[in-house]
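As structure tokens, the structure follows; a few thoughts come after it.
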Amino acid sequence: MYNNKTTDRKWGKLRFAKVYRNTFSINKTGPLFDPNISKEDIPNLFKNPRIKDVSNEYFDTTNVNILIPKGIKEVPSYAYLCVYNHEKWEPIQWGKIVNRNVTFIGMGRDVVYLPAFYLNGNILPIGNPFYISPTGEKHIFSISNQTQDIYVRSPGFFRDPKDRLQIINPLLNTHIIGINDLEGIVDTLYTITDHSDLWENIINIQSRNKYNSIELQIPSDTFALCDFTLYTQKAEKQEQIRNITIQTPIKHINTYENIDMITDHISATGMIGNIKKNSHGKYKVKIDLGGLYNISTIHYTPYTPSIIQPEYIYKLYYWDQEWKLFDEQKGNKNFLVFKYVPSGTIYRVRNETNKKQKNMQRIFSYKNGYLKWL
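If you want this note's numbering, it's the position in the sequence shown, counting the first as 1, plus 73.
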């Protein structure tokens with residue numbers, strides 16, 4: 074649960090930037106023990122002399138190096154890495170600046186950070202936010218002059234454990250079967266478990282066989298997905314198989330949803346519906362690939378009921394050295410589409426009226442139709 078790698082069957086995907094232990098002994102490190110640093114320039118976390126960084130006892134970490142931009146003339150002695158929690162950036166690691174360079178030791182992976190100064194109780198960003206991947210690579214979020222449409226069906230990723238199980242259940246123990254009708258090949262590629270993430274599941278496939286269709290053997294008559302995407306390996310990159318179609322008749326439950334929303338390569342759309350048993354008494358969904366393909370990766374998103382409610386206004390913000398309001402829309406029980414949003418950066422959707430939705434707010438990235446909670 075705390076290893077920053079797995080998805081917990083009860084709580085889902087949990088990622089931690091740091092783990093500090095409160096000790097009996099005093100740990101004389103950091104800005105608190107620097108006589109040249111004012112208390113007003115020290116974040117509250119690091120005013121505690123008894124905390125000890127034990128992150129590497131729980132998960133793999135990465136040391137992060139930052140070069141202070143030349144445009145910043147006045148450089149203090151310390152910089153901080155911050156994570157976004159409770160609608161604000163919170164410092165969670167310090168680094169001593171030497172010749173405009175600073176190293177932050179032992180940062181958790183699969184997490185987004187913002188480098189900043191902390192002066193007189195204020196966070197002062199000193200660069201773009203960045204993401205440390207599960208393997209330790211750094212990806213910088215930098216706003217682009219290009220735009221994209223952003224689809225959302227929730228202001229945040231967290232769902233109550235009871236709701237999480239209800240979302241996963243329609244897919245639990247679903248067998249994903251690769252079929253090649255010409256050669257009589259039938260391979261089980263993957264079986265969905267209760268360790269699935271609610272928002273993003275990327276499954277690497279080892280089979281070298283080629284398939285013209287996929288069969289989903291589901292446990293009941295309820296078929297529910299927000300997205301199902303297949304990739305094939307072309308040279309050194311993966312390409313989406315874009316012309317797949319679901320051939321099994323599915324009766325939608327919500328009139329505003331349709332079957333094409335499952336294969337439109339947009340993670341915030343989707344459909345829940347019912348199917349009939351086949352002649353062998355099984356519940357199966359056939360997906361035609363429109364050709365013969367080797368499948369390298371399966372990307373699936375379970376169906377999460379939309380919480381975009383019509384009585385609320387939802388505001389989309391994007392990061393460009395600060396949070397900037399892009400647009401606001403009235404809810405609709407389905408999903409929202411924000412058109413022509415600056416790409417390349419991070420985003421958040423805010424419901425200012427409903428306390429529960431306000432508290433579940435989370436930042437995300439968005440690329441090629443897919444939302445990734447961060």
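Beta carbons are placed, not taken as given, at the ideal position from N, Cα and C, and that holds for glycine.
Inter-residue spacing [alpha-carbon to alpha-carbon] between residue i and residue j
i: Leu-444; j: Phe-106; result: 42 Å
i: Lys-355; j: Leu-244; result: 14 Å
i: Trp-392; j: Gly-200; result: 11 Å
i: Tyr-376; j: Ser-340; result: 9 Å
i: Ser-438; j: Ile-205; result: 13 Å
i: Asn-242; j: Trp-272; result: 15 Å
i: Asn-331; j: Met-344; result: 6 Å
i: Ile-99; j: Arg-123; result: 5 Å
i: Gln-394; j: Asn-77; result: 28 Å
i: Arg-423; j: Phe-203; result: 21 Å
i: Leu-140; j: Phe-296; result: 50 Å
i: Asp-114; j: Phe-97; result: 25 Å
i: Gln-166; j: Arg-237; result: 32 Å
i: Glu-210; j: Asn-117; result: 29 Å
i: Glu-256; j: Tyr-366; result: 13 Å
i: Lys-432; j: Asn-121; result: The question names Lys, but residue 432 in the sequence shown is Asn. Spanning the two alpha carbons is a distance of roughly 27 Å.
i: Gly-144; j: Gly-103; result: 26 Å
i: Val-414; j: Asn-282; result: 40 Å
i: Gln-239; j: Ile-386; result: 27 Å
i: Ile-250; j: Lys-440; result: 28 Å
i: Asp-294; j: Thr-176; result: 54 Å
i: Phe-411; j: Ile-110; result: 45 Å
i: Lys-397; j: Lys-388; result: 10 Å
i: Asn-316; j: Lys-357; result: 20 Å
i: Thr-220; j: Lys-161; result: 26 Å
Identified DSSP bridge partners for residue i
i: Gln-394; result: Answer is none; Gln-394 lacks a bridge partner.
i: Pro-375; result: Leu-298
i: Gly-257; result: Answer by DSSP bridge pairing: none, since Gly-257 is not bridged.
i: Leu-447; result: In the DSSP output, where bridge partners are listed per residue, Leu-447 has none listed.
i: Glu-288; result: Ile-250, Lys-359
Residue i beta carbon near the ligand GTP (any heavy atom closer than 7 Å)
i: Arg-232; result: The ligand content of the structure shown is nil, which means the ligand GTP is not present either.
Contact belief for residue i with residue j at Cβ below 8 Å, rounded distance in angstroms
i: Thr-80; j: His-372; result: Contact doesn't hold; Cβ gap of about 15 Å is too wide.
i: Ile-319; j: Ile-360; result: 5 Å
i: Thr-418; j: Ile-223; result: Their Cβ separation, rounded to whole angstroms, is 11 Å, which puts Thr-418 and Ile-223 out of contact at 8 Å.
i: Thr-374; j: Leu-298; result: 7 Å
i: Ile-368; j: Thr-305; result: 6 Å
i: Phe-301; j: Ile-278; result: Rounded, the Cβ-Cβ distance is 14 Å, inconsistent with contact.
i: Tyr-153; j: Ala-189; result: 5 Å
Q) Do the stretch 407–427 and the stretch 366–382 make contact, defined as three or more Cβ pairs closer than 8 Å? A) yes
Q: Give, in chain order, every unbroken run of the beta strand (DSSP E) that is at least 3 residues long and sits entirely within the stretch 175–240.
A: 184–192, 195–198, 203–205, 211–213, 220–225
Q. For the stretch 308–364, which segments carrying the beta strand (DSSP E) assignment without a break, of at least 3 residues, lie completely within its bounds, in sequence order?
A. 310–313, 344–347
Q | Contiguous beta strand (DSSP E) assignments of at least 3 residues, all confined to the stretch 96–130 | A | 124–126
(Q) Would the stretch 397–404 count as touching the stretch 177–196 if we require 3 or more Cβ pairs under 8 Å? (A) no
Q. Three or more beta-carbon pairs under 8 Å between the stretch 121–138 and the stretch 76–89, yes or no?
A. yes
Q. With contact counted as at least three CB pairs below 8 Å, one residue from each stretch, are the stretch 135–150 and the stretch 171–181 in contact?
A. yes
Q: Answer yes if the stretch 307–319 comes into contact with the stretch 186–195, meaning at least three C-beta pairs across the two stretches below 8 Å, and no otherwise.
A: no
Q) Of all the alpha helix (DSSP H) runs that stay within the bounds of the stretch 378–443, which reach a length of 4 or more residues? A) 428–432
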